[in-house]
């Protein structure tokens, strides 16, 4: 019986190696429906290994050097499966793989342990359990980092959507307030001056169309409506923003009167995002210049430049902030560009003051 068991020493090793090869084949495409397979194969190979260990313990065979190397190869294959399962498999499948394959690696040493002492067996198994622990760390760390990155992106997107929701409330509320005031005026003069009442109704229609345009554009940027109302900052709040930024900031703020609220809010957010990126990606900048001006074509031009490169944003639109602002500028009929400029970095936007 012992000779037969010794002859089968290669079976769990072959099972583990085959599981590694199969996992590599089925998971190479990275499709979500295939990521469970490394864990399933780790469970299967671990079960074969546990059965072999139980058989060895029940009837200890005489081992040769080849059997020892085979056992080490078996453990290595199981550890590879553990790394793959911990990195990519769904949580429940990964836990099952860690339980079965990790236990198989930890108790595999019992096949080669010369002592019959229970204390020696427990100590040896605890020592070999370090391998599965390291495998879980190697596979789990990038998984945790990816989860944190996704959570951070989700929070940032939600924050931007809530800010846009507040903008929708403010912009539409402004137009609706004007509609109410015009309707009250038309009602007041309808009996004595019908011409003025008709003029007020025309202005009510124009204000209503503006409110609908604003709502359509903002809903397109939002995807959903949420959040409590709040004051939307605009061009009038830029001096305070520059003061809070600190450091050496030169500014030239020459915006015309009557800038639409959504245009002013977009310009404010652009400057805010650009200054935040200077703090985050170009702390060595010694000069920052903010220019807000208008062109003869009824366009608002906003430019933020600094004299230090921003390695964290070497590719325009690499971060979600500028990408979302670029999309917002596009919906308003304008453009936004970001990139290297004179050994530094520049963010520039052009927003039409007349509704497209």
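Numbering (this note's numbering), first residue to last: 46 to 401.
Positions of the beta carbon are idealized from the N, C-alpha and C atoms, including for glycine.
{"Item": "Unbroken beta strand (DSSP E) runs of length 3 or more, entirely within the region 124 to 167: which are they?", "Value": "none"}
{"Item": "Helix, strand or coil for residue 311 per DSSP?", "Value": "helix"}
{"Item": "Spatial neighbours of residue 246 within its chain, please: CB distance less than 6 Å, with the 5 preceding and 5 following residues excluded, ordered by chain position.", "Value": "231"}
{"Item": "Please tell me whether residue 142 and residue 174 are closer than 9 Å, where the distance is taken between their beta carbons.", "Value": "no"}
{"Item": "How close, in whole Å, do the beta carbons of residue 379 and residue 392 come, if the pair is a contact with beta carbons under 8 Å?", "Value": "In fact, because the Cβ distance is near 13 Å, the residues do not count as touching under 8 Å."}
{"Item": "Take residue 166 and list the residues in its own chain whose beta-carbon comes closer than 8 Å to its own, dropping the five residues that flank it on each side.", "Value": "155, 158, 160"}
{"Item": "Report yes if the C-beta distance between residue 132 and residue 184 is below 9 Å; otherwise report no.", "Value": "yes"}
{"Item": "Where DSSP assigns a beta bridge to residue 382, which residues make up the other side?", "Value": "393"}
{"Item": "Looking at residue 307: is its Cβ nearer than 9 Å to the Cβ of residue 377?", "Value": "yes"}
{"Item": "Suppose contacts are defined by Cβ-Cβ distances below 9 Å. Is residue 374 in contact with residue 315 by that definition?", "Value": "yes"}
{"Item": "Evaluate residue 303 with the Cβ neighbour count: other Cβ atoms within 10 Å of its Cβ, from every protein chain shown; 16 or more gives buried, anything less gives exposed.", "Value": "exposed"}
{"Item": "Would you report the Cα separation of residue 387 and residue 260, rounded to the nearest angstrom?", "Value": "39 Å"}
{"Item": "If you follow the beta strand (DSSP E) that residue 336 is part of, which residue opens it and which one closes it?", "Value": "333 to 339"}
{"Item": "What is the DSSP secondary structure of residue 304, reduced to helix, strand or coil?", "Value": "coil"}
{"Item": "Tell me, please, which residues DSSP counts as bridged to residue 350.", "Value": "334, 391"}
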